[in-house]
Each structure stands twice: as C-alpha cells, then as structure tokens.
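These notes concern the structure reproduced below.
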Ligand SMILES: Cc1cc2nc3c(=O)[nH]c(=O)nc-3n(C[C@H](O)[C@H](O)[C@H](O)COP(=O)(O)OP(=O)(O)OC[C@H]3O[C@@H](n4cnc5c(N)ncnc54)[C@H](O)[C@@H]3O)c2cc1C
C-alpha cells in the first residue's frame with residue numbers, strides 16, 4: 002500500500018511517528034532552546050530511544066536499516082518544528098555511517114566504542130571540512146596529516162564546524178591532506194593537540210553547536226584513516242557529500258512546509274479591510290508559490306532518494322535537490338514573515354526563527370553557486386563539442 | 025502464555041480543522057477531509073499501551089490487534105504492531121462497512137471466538153469518531169464474559185484481571201476472572217511511540233485479512249437506523265459590556281448573564 006507520493010507503508014509509519022513526536026515533544030521547547038542557544042541532551046537521548054539516529058545503520062550495529070527516503074522524511078518532519086535538532090542529528094550520525102563502511106579491523110575497533118553508541122543516541126560526531134581559507138574551494142585546504150610510525154600527526158584548523166563542542170561528541174572526522182591525497186581521519190574528542198574555540202554566535206540555528214577547531218601536533222592511530230590507506234577514499238568523501246545534500250534539502254522542505262501551513266492558517270484568521278487576508282490576491286500569490294514549491298521540492302528530493310536507494314548515480318539530482326529546496330525554503334520563510342506582517346518579525350511567532358534558521362541552508366553543505374556548478378558539470382558543460 | 029486481543033478502529037483524524045469537517049447530508053456520511061490521513065482511534069492505542077504494559081511484565085504474552093474497517097484500516101493495525109503488538113487481523117468486508125454498534129460487536133465477537141483461546145480483550149472506552157462507547161460491553165454480552173469499563177490501570181495475574189476504574193468522583197478497583205473485556209480511558213497514560221526497529225518489523229509482518237464468511241456467521245443486520253446527519257449551525261454573537269469602572273462593568277455583566285438565565 003502507498004499514498005499519492007508513492008511512500009511505502011513503513012515510510013508512512015515513520016513519517017507519522019516522527020510528526021507526532023516532533024509536535025508533542027520537540028516543538029514545545031524549541032523557541033526557548035533557540036533563545037538560550039541551548040542543546041537539549043535529554044531530548045536527543047529520546048530520539049535515540051526511538052531509534053532515529055540509528056535508522057540508516059545496519060541491524061548488526063543496533064540500527065534498523067531503513068532506506069534514505071525514510072530518513073529524509075524523518076528529517077523533514079523534525080525540521081518543521083526544530084531545524085537545529087534535525088541538523089545535529091544528521092551531522093551527528095555521519096561518523097558512524099562512514100565507519101560502518103570501514104575495513105574489518107576498523108569496524109572491530111569502532112563498533113562498540115562509536116557506531117553503536119551513535120545508533121542509540123548516546124553520541125554524535127562532527128565532520129570537519131571547512132577551513133578559514135578553504136570553504137567552497139575544498140582543494141585549498143591546508144590541514145595536513147603526516148604518517149609517523151603507526152600514527153598520523155595532524156596540524157591545521159577548521160571553522161564553522163557543527164557538533165564538535167557538544168558534550169556527547171565522540172570524535173571529529175577531519176578532512177586532511179596526506180602524502181596520498183585527501184583523507185578523512187577520525188580524531189576522538191580529548192585527543193592531546195585537538196582543541197576548540199567557544200561556540201560561535203550565529204544568526205540562526207542557535208541550539209546547534211558551531212565552532213572553530215585546531216589541531217596542533219595531534220596524534221591518532223594509523224587505523225583512524227577512513228577506508229584505510231590507498232583504498233577508495235575519494236569515493237567515501239564525495240559519496241558522503243551527495244547524501245548530505247538530500248538531508249539538508251529535506252530539512253528545507255520541512256521548514257517551507259511549516260511556513261506554508263502557518264501562513265495559510267494565519268491568512269485565513271487575520272482580518273484586514275473587513276476580510277481575511279487570504280482573500281487578497283497578493284497574499285494568495287505568496288501562498289500559492291509556497292505550496293507549489295514545497296510540492297516540487299518533494300518530488301525532486303523523492304526522486305534523488307530513490308536513485309540513491311537503488312544504487313544509481315545521482316550527483317546531479319542531489320545537487321538539484323539541495324539547490325532548489327534550500328532556495329525555495331528561503332523564499333517560503335521570507336513570504337511567511339511577510340504574510341504574518343509585524344507579528345512575523347517578532348520572536349513570538351515561530352516564522353521569525355524559521356527565517357533566521359533557513360538562511361544557513363543555501364550556504365552549508367556547498368553553497369547554491371557550488372550546486373549550480375556541479376549541475377552544469379554533470380550536464381556536460383565542461384565537455385566541448387556536440 | 026496470556027493472549028490479549030486489542031480492538032482498534034481507524035477514525036478520521038480528530039485534529040482535522042473544524043473548517044474542513046464536512047458531511048454529505050443526503051448520504052448521511054462524513055466526507056473524508058482531502059489530504060488528511062485517517063488515524064487509529066486514540067483510546068484504542070491507549071488500550072494497546074495497556075496490553076503492552078502487561079507484556080512488559082509477562083514477556084511471553086501474545087497481543088493480537090483486531091480491526092474491522094475498509095482497506096485503509098490496515099494502517100491502524102500496522103501502527104499497533106509497530107507499537108509492539110504481535111499479530112494483526114483485519115476484517116475487511118464491504119457487507120459490514122456500514123455496520124452499527126451491534127453488528128460491529130457481532131462481527132468482532134465472532135472473530136474473537138475464532139482467535140480463541142484468549143484471556144483478555146481490551147478496547148478503548150469509545151471510538152473517537154461516533155463516541156458511542158458500547159462496542160466493548162456489547163461484545164462481552166455476546167460472549168457471555170464479564171466487562172470492566174473505563175479503566176486507568178490494568179493488571180493481569182494468574183487468570184485474574186484487576187482494573188482501577190475512573191469514576192465521576194474518584195477511582196475504584198475491581199477484579200474479574202478471565203476471560204473478560206476491559207475498556208480503557210485516557211487516564212491510563214500516553215500510548216508509546218513506535219520505535220524504528222518495531223516499525224520495520226511490523227512492515228514485514230503479515231496481517232490476516234478475513235471476511236464475514238470466514239467467521240462462519242451470517243452477515244449481521246444493523247439494529248439502529250441513522251435518521252439524519254448534519255453539522256449543527258452555531259451562531260456566535262459578541263456583545264461588549266461597557267462601563268467606566270471595572271466594578272460597573274462586572275455589575276452590568278452579572279445583570280446581563282442573569283437576564284440570559286445563565287447564572
Ligand atoms: C550553520 C553552519 C554550519 C556549518 N557546519 C559545517 C560543518 O559541520 N562542517 C564543515 O566542514 N563546514 C560547515 N559549515 C561551513 C560551510 O560548509 C561553508 O561555509 C560553505 O562551504 C561555504 O564556504 P565559505 O564559508 O568559505 O564561503 P566561500 O567559499 O568563501 O564562498 C563565499 C561566496 O563565494 C561564492 N563562491 C565561491 N566559489 C565560487 C565559484 N567557484 N563560483 C561562484 N561562486 C563562488 C560562494 O557561493 C559564496 O557565495 C557550516 C556553515 C554554516 C553556516
């Protein structure tokens with residue numbers, strides 16, 4: 002059985018459970034957590050109890066082995082009420098996700114220590130790629146890892162890194178330059194030489210943690226290079242980027258859908274010139290555009306997810322999803338503030354938080370400009386001739 | 025190995041905004057609100073929660089979910105399975121789609137007999153769509169077993185059920201030998217959220233689909249007839265009470281309320 006979107010029975014059950022949990026348990030404190038820039042560890046453990054951080058992990062790692070589309074539907078529902086929490090979750094599982102594809106030796110070393118605690122919601126990880134002088138231009142990164150006996154010695158710094166400063170962050174996956182090209186190295190929190198700055202003050206996403214990290218002769222075991230030496234490390238790096246574009250795209254769909262629902266309800270309630278403002282064509286124009294773009298975003302995201310789940314190459318669809326969904330959600334949040342009028346600018350209505358939160362989405366995980374470049378590349382624009 | 029049968033009905037989402045609630049007066053039917061999925065009746069998932077609490081204590085308990093309804097009711101059964109129930113039975117037969125409470129109870133009682141042996145039947149105190157609140161008791165009547173209604177705590181031990189009941193002015197605890205029927209109220213507590221792992225397990229579980237003829241009974245006939253179905257018109261008139269001081273306003277308000285025979 003499936004619905005008009007073609008979601009399976011299990012996908013619909015997951016969607017409904019996360020929707021209910023988000024509305025009843027996540028939404029009530031979201032505004033306060035934002036105001037106090039506070040992360041709720043107890044709430045995260047409850048996500049763990051439901052099995053949400055472990056959704057994508059295989060059953061042998063305490064996961065439930067769902068498809069990516071199910072996880073995206075969960076992120077969409079959670080982002081409707083708290084974008085920070087959903088961001089922390091998908092960023093936070095990336096480490097365990099990558100580890101589960103490690104060598105047998107790595108899995109044996111990491112399973113009980115990192116992978117399963119992540120699935121249970123007891124731990125998160127950080128992904129450290131961006132540097133002060135290397136953002137979109139990842140190739141300019143300077144952080145270096147040098148092999149020394151059976152250790153890596155890491156030097157460099159990273160910036161705008163989510164999750165690293167959370168109490169339950171077990172490790173960072175650090176993108177480094179090595180003698181053999183790029184590699185992702187696992188650096189456990191607390192490793193001597195690995196330090197971090199105070200939480201950065203942000204426009205939005207305030208209950209998620211963002212910091213600057215530095216590595217100063219930081220030593221970790223040779224084993225900690227993801228995928229091991231000389232094997233398909235590039236594939237791990239780029240493959241990881243594709244899927245996270247769908248995650249952020251799904252977050253954006255959730256925000257846009259919520260902005261639409263809130264705006265529509267408000268427009269039908271708010272009276273001006275003796276009638277509900279939903280009767281005015283200019284207001285309808287905003288509502289219609291939001292409704293249309295939410296639907297389009299979902300279609301694109303669902304297609305990209307299904308390609309991923311069918312093990313097809315989906316670099317273009319992933320970039321399109323990220324580009325379209327985050328840009329349209331930015332417009333939707335802007336419309337929502339407009340529909341709410343002065344109230345929309347006040348922190349008493351959630352739309353002002355959505356407007357601030359969504360602003361990061363067209364920047365993080367590859368800016369919109371970078372996504373356009375990728376789409377153009379995938380379209381063959383850089384290959385001359387007909 | 026206790027066997028608990030939980031009754032679960034699918035209903036239109038009670039959270040549907042009032043502005044989208046419509047009835048077809050000619051057909052005497054509720055028109056499903058577009059785009060809003062039906063949901064399990066809330067008291068029924070509370071019943072499943074009650075059964076799961078017994079299973080938490082006695083792990084070899086088997087919980088069977090029984091639902092009568094159209095194709096979409098399968099979703100309600102899957103939801104209850106995802107909460108942690110073991111088996112699902114769906115009575116899906118157009119001949120009883122319009123069953124009244126008596127016909128519903130007859131069909132469910134026959135299904136329960138087919139699922140025997142059983143120790144406990146748990147139902148919600150009422151379905152949140154029609155709010156009749158009689159199906160549980162009627163089933164007990166047909167099966168000739170005791171019924172305890174509006175429970176807030178259900179304990180099961182060695183063939184005896186102990187239920188704390190909600191009364192108008194307090195609580196009372198009653199016992200009954202099994203098998204028996206218990207209906208539960210929201211005071212029992214929130215139903216648990218389905219966990220991911222359970223959702224995935226439930227997705228793989230087969231739901232038995234039966235028709236009335238599988239139950240070996242003739243199609244039961246309704247005993248009640250729906251005469252009319254309509255949304256009552258509510259008129260709201262606002263009247264502002266003016267006055268120079270709060271005291272004067274209060275006095276005027278009291279006078280006005282007395283005039284309207286409200287106090
Ligand atoms: C809330 C938040 C959380 C983040 N979390 C993480 C994290 O966990 N880990 C992590 O590694 N990073 C994280 N980042 C960093 C993020 O990935 C980078 O900010 C992003 O990749 C852009 O890099 P930059 O800031 O250096 O901008 P720049 O690369 O300097 O870009 C500046 C502008 O120039 C444009 N531009 C750059 N190159 C081109 C080009 N070739 N063509 C056209 N336009 C171009 C960009 O699109 C942008 O508009 C986070 C950022 C935010 C805001």
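Residue numbers (our numbering), protein chains in the order written: chain A, 2 to 387; chain B, 25 to 287.
Each residue gets a CB set at the ideal place from its N, CA and C atoms; glycine is no exception.
Shortest Cα-Cα distance from residue 210 of chain B to any of B/67, B/59, B/47 and B/57 involves B/67. Excluding its 5 nearest sequence neighbours in each direction, residue 129 of chain B has C-beta neighbours in its own chain below 7 Å: 159, 162, 163 and 166, listed in chain order. For residue 177 of chain B, the closest C-alpha among the options B/75, B/28 and B/58 is that of B/75. When distances are taken from the beta-carbon of residue 376 of chain A to the heavy atoms of ligand 1, even the shortest one reaches 8 Å or more. For residue 221 of chain B, the chain A residues whose Cβ falls inside 7 Å of its Cβ are 52 and 65, in order along the chain. In this structure, residue 172 of chain A has its CB at a distance of at least 8 Å from all heavy atoms of ligand 1. Put simply, the stretch 206-213 of chain A does not touch the stretch 180-189 of chain A. Fewer than three CB pairs are less than 8 Å apart.
The beta carbons of residue 294 of chain A and residue 329 of chain A sit about 4 Å from each other, so the pair counts as a contact at 8 Å. Using a C-beta cut-off of 8 Å, the stretch 33-52 of chain B makes no contact with the stretch 182-191 of chain B, since fewer than three inter-stretch Cβ pairs fall below that distance. Residue-level contact by beta carbon holds for residue 43 of chain B and chain A, with a gap shorter than 9 Å. A contact between stretches requires three or more CB pairs, one per stretch, nearer than 8 Å, and the stretch 350-367 of chain A fails this requirement with the stretch 78-94 of chain B. At least one heavy atom of ligand 1 falls within 8 Å of the beta-carbon of residue 369 of chain A. Look at residue 200 of chain B here: in three-state DSSP terms it is strand. Residues 45, 46, 48, 49, 50 and 54 of the same chain have their beta carbon placed closer than 7 Å to that of residue 122 of chain A, with the five preceding and five following residues left out of the count.
Residue environment: residue 382 of chain A is assigned as exposed (fewer than 16 neighbouring CB atoms within 10 Å of its CB, all protein chains considered). Taken in chain order, the members of the stretch 106-134 of chain B whose beta-carbon sits within less than 8 Å of a beta-carbon on chain A are 106. Three or more beta-carbon pairs separated by less than 8 Å are not found between the stretch 237-247 of chain B and the stretch 81-95 of chain A, which leaves the two stretches without contact. Across the structure, residue 250 of chain B and residue 121 of chain B are spaced so that their CA atoms are roughly 14 Å apart. Counting other Cβ atoms within 10 Å of its Cβ, residue 61 of chain A stays below 16 and is therefore classed as exposed.
At a cut-off of 9 Å between beta-carbon atoms, residue 341 of chain A makes no contact with chain B. Here residue 256 of chain B carries a coil assignment [DSSP, helix/strand/coil]. By the neighbour-count criterion, in which 16 or more other beta carbons inside 10 Å mark a residue as buried, residue 198 of chain B falls on the exposed side. By the 16-neighbour rule on beta-carbons within 10 angstroms, residue 217 of chain A is exposed. Taking a beta-carbon distance threshold of 9 Å, residue 379 of chain A does not count as an interface residue toward chain B. Contact between residue 111 of chain A and residue 221 of chain A is ruled out by a C-beta separation of about 13 Å, above the 8 Å threshold.
Between residue 85 of chain A and residue 251 of chain A, the CB-CB gap reaches or exceeds 9 Å. The Cβ atoms of residue 266 of chain B and residue 10 of chain A do not sit closer than 9 Å to each other.
Distance check between residue 231 of chain B and each of B/77, B/95 and B/54 places B/95 closest, using alpha-carbon atoms only. Checking the DSSP bridge columns, you'll see residue 39 of chain B has no partner listed. Every alpha helix (DSSP H) of 4 residues or more that sits fully in the stretch 39-83 of chain A is shown, in chain order, as 42-51 and 69-80. Among the bridge pairs identified by DSSP, residue 179 of chain A is matched with A/182. Look at residue 105 of chain A: its C-beta is not under 9 Å from any C-beta on chain B.
Contact of residue 55 of chain A with chain B is assigned, a C-beta pair being separated by under 9 Å. Runs of the beta strand (DSSP E) lying entirely within the stretch 100-139 of chain A, each at least 3 residues long, are 125-129 in chain order.
For residue 200 of chain B, the nearest beta carbon of chain A is not closer than 9 Å to its own beta carbon. Under the three-state reduction of DSSP output, residue 213 of chain A falls in the strand class.
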